[in-house]
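Quick note: to get my numbering, add 647 to the position in the sequence shown (first position is 1).
From the three backbone atoms N, C-alpha and C, an ideal C-beta is built for every residue, glycine too.
Report on one structure; see the data block that follows.
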Amino acid sequence: MKLPTWWKRCFPALLSAAGMFVLAGCVSAPHTGRTQLMFYNESDDIASGEEAWQQVRAQEKVSSNAVYTAALNRVGQNIAAAANKPAYEWEFVVFDSDEANAFALPGGKVAVYSSLFQLFDNDAELATVVGHEVAHALARHGMERSSQSTMQACGGILVELLLGQDWAPAYQTTSTLLAMLPYSRTQELEADYLGLILMAQSGYDPQAAITFWDKFRKLSQVGVVGEFLSTHPDGDNRLEKLKKALPEAQAEYRRSKQLGTGQRYTRQK
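This is the structure:
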């Protein structure tokens, strides 16, 4: 039996994609148990995170604000203790920026931009953001996204082989809207939830998470249509889900050392 020409052309790519699925570890996100596609091990997380962190530190300006730095280190170390991930060399740095944002790199490197401190009233609200970012690192969201991008690229190769290059843009747009962006929003909601649990286990009152995200959503409201086109969920949506998870977090808080809201802040200009 003679194989069709298209099959001969596509077979190597199909075999490669199948092999990647077989080799991918069937891992689960901490606490939520969500199954994740993962082509990398944790040593890859640490190595790639360290490399990216050195690049970030070379490009960004480390804040000279001693109050911000002390607060982030104080809260960060408490959250890291609750995360209980000794393989990660946790590092928490404040960078000067007008952007109200924060991020985490694989392997335990966490950055908070100085402008975000204008929204914090106390340690517990800062713990909300730090917990969220530590959750991204714990759940290995960065490497999961890399794995998903690899699969998207493999799908693009198959589409070009089967249907031709003219179909590649349509595939890219469709796969991004129907797969990549929903996965990203899932990760954000997962980090919200896991971060809420972490801050409560660290001793910070989880009610502060509701207070903070209520303030932050006013800066990042995207609506239903905007959410569909965004990597992040709509502010109302994420706040509603956090409220549903609050009883579980409060139970964790009652078992903790109960720091309350921690130190209160005086807004700095």
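Residue nearest to Arg902 within the set Lys865, Asn884, Trp860, Met846 is Met846 (criterion: CA-CA distance). Separation of Asp691 and Gly754 (C-alpha to C-alpha, rounded to the nearest whole angstrom) is 9 Å.
Between Gly882 and Arg864, the gap from beta carbon to beta carbon is short of 8 Å.
No Cβ-Cβ contact shorter than 8 Å links Tyr851 with Leu763. Per the DSSP secondary-structure output, Lys756 pairs in a beta bridge with Glu738, Leu752. According to the DSSP assignment, Ser690 belongs to the alpha helix (DSSP H) that extends over 689–706. Within 10 angstroms of the beta-carbon of Gly696 lie 16 or more other beta-carbons, which makes it buried.
Contact annotation: Glu899 and Ile844 have beta-carbon atoms nearer than 8 Å. Look at Arg902 here: in three-state DSSP terms it is coil, with no helix or strand label. Distance from the CA of Val703 to the CA of Val757, rounded to the nearest whole angstrom, comes to 11 Å.
Around the C-beta of Arg911, fewer than 16 other C-beta atoms lie within 10 Å, and the residue is accordingly described as exposed. Judged by DSSP secondary structure, Gln854 falls within the alpha helix (DSSP H) whose first and last residues are 854–864.
Within the same chain, and ignoring the five residues on either side of Tyr687 in sequence, the residues whose Cβ sits closer than 6 Å to its Cβ are Met790. From the listed residues Leu866, Asp839, Ser710, the smallest Cα separation to Ile857 is found for Asp839.
The way I'd put it, the region 777–791 does touch the region 743–753; three or more beta-carbon pairs between them come closer than 8 Å.
Cα atoms of Gln854 and Glu738: separation of roughly 26 Å, rounded to the nearest angstrom.
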